[in-house]
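For reference, the structure is listed below as structure tokens.
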Amino acid sequence: MKNTRAIIFDMDGVIADSEPLHFEAEKHILRQHGIEAPWSEWHQFTGQTDQKIFQYIVEHFSDGRYTADELIAAKYRIFLDILRQKLQPIPGVMDFLDWAKAHYEKLALTTSSQRLIQQTIFEVLRLHSYFDVVITGNCIQHSKPHPEPYLKTLAALNLPASECMVVEDSLNGVKSAKAAGCRVAAITTSFAKAQLLECGADLVFDRFSELQTQ
16 MKNTRAIIFD MDGVIADSEP LHFEAEKHIL RQHGIEAPWS EWHQFTGQTD QKIFQYIVEH
76 FSDGRYTADE LIAAKYRIFL DILRQKLQPI PGVMDFLDWA KAHYEKLALT TSSQRLIQQT
136 IFEVLRLHSY FDVVITGNCI QHSKPHPEPY LKTLAALNLP ASECMVVEDS LNGVKSAKAA
196 GCRVAAITTS FAKAQLLECG ADLVFDRFSE LQTQ
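Residue numbering for the sequence shown follows our numbering, starting at 16 and increasing by one per position.
Okay, structure coming up:
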């Protein structure tokens with residue numbers, strides 16, 4: 016990762032093995048509220064904010080009884096408990112964070128999740144000491160694949176995109192980072208290598224130990 020001064024990490028699916036837990040909570044809440052959603056197509060929401068996900072569900076699969084905000088609040092009531100009970104880090108990421116902290120000027124985190132979820136994940140995995148900048152879904156108007164999340168991160172880091180490497184797992188995330196001008200290393204926790212490369216990832220890896228040799 017020559018000429019890289021900062022690494023920017025996505026959170027869900029990159030640091031925290033939380034994507035299956037999001038799905039568990041969302042599936043439970045929607046079924047509890049009598050909403051049948053397109054589970055086979057749920058991957059399209061990976062990397063997007065809860066507001067965007069549930070607004071789409073309300074508009075396309077609900078009879079108007081619930082608002083997106085009501086469903087999000089219902090999800091959070093069980094999701095935070097699920098995180099505290101089941102959350103694990105992505106294999107190898109904690110060792111990589113220790114290595115990256117010693118080798119790069121700054122580390123940042125850019126997530127579509129709300130700050131409450133980010134803070135809970137940081138508490139469970141003890142992540143507070145690693146990051147110089149944290150951008151959450153609360154900080155943005157346009158979620159991934161729009162470049163705004165990463166443009167805000169770059170501004171907070173006060174570094175050009177050419178000197179930052181983004182680590183992502185989702186197609187929306189790769190598109191967002193590339194649109195912001197960043198180089199992207201994509202991990203295959205959520206999508207296949209071919210899909211990530213097609214979206215513009217500069218390199219794709221299966222394990223964090225591979226990224227240390229780049």
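Glycine is no exception: its CB is placed at the ideal position from the N, C-alpha and C atoms.
Bear in mind that the values here come from a model prediction, so they are computed numbers and not experimental data.
In the three-state DSSP reduction, PHE24 falls in the strand class (E or B). Per DSSP, ILE68 is one residue of the alpha helix (DSSP H) stretching across 65 to 76.
In the three-state DSSP reduction, ALA123 falls in the strand class (E or B).
Taking C-beta separations shorter than 7 Å and ignoring five residues to either side along the sequence, the partners of ALA195 in its chain run PRO162, TYR165, LEU166, LEU169, ALA176, following chain order. Between the stretch 96 to 115 and the stretch 61 to 80, the count of Cβ pairs shorter than 8 Å is below three; the stretches do not touch. Inter-residue distance for GLU213 and ILE50 is about 33 Å (C-alpha atoms, whole angstroms). Classified as exposed, PHE76 has fewer than 16 neighbouring CB atoms from the shown chains inside 10 Å of its CB.
Note on geometry: alpha-carbon atoms of LYS121 and CYS197 lie some 15 Å from one another. DSSP lists ILE202 as the beta-bridge partner residues of PHE220. Counting along the chain, no beta strand (DSSP E) covers MET16, and no H or E run does either. The Cβ atoms of VAL139 and ALA123 do not sit closer than 8 Å to each other.
Rounded to whole angstroms, the separation of the alpha carbons of GLY79 and GLN227 is 49 Å. Judged by DSSP secondary structure, ILE87 falls within the alpha helix (DSSP H) whose first and last residues are 83 to 101.
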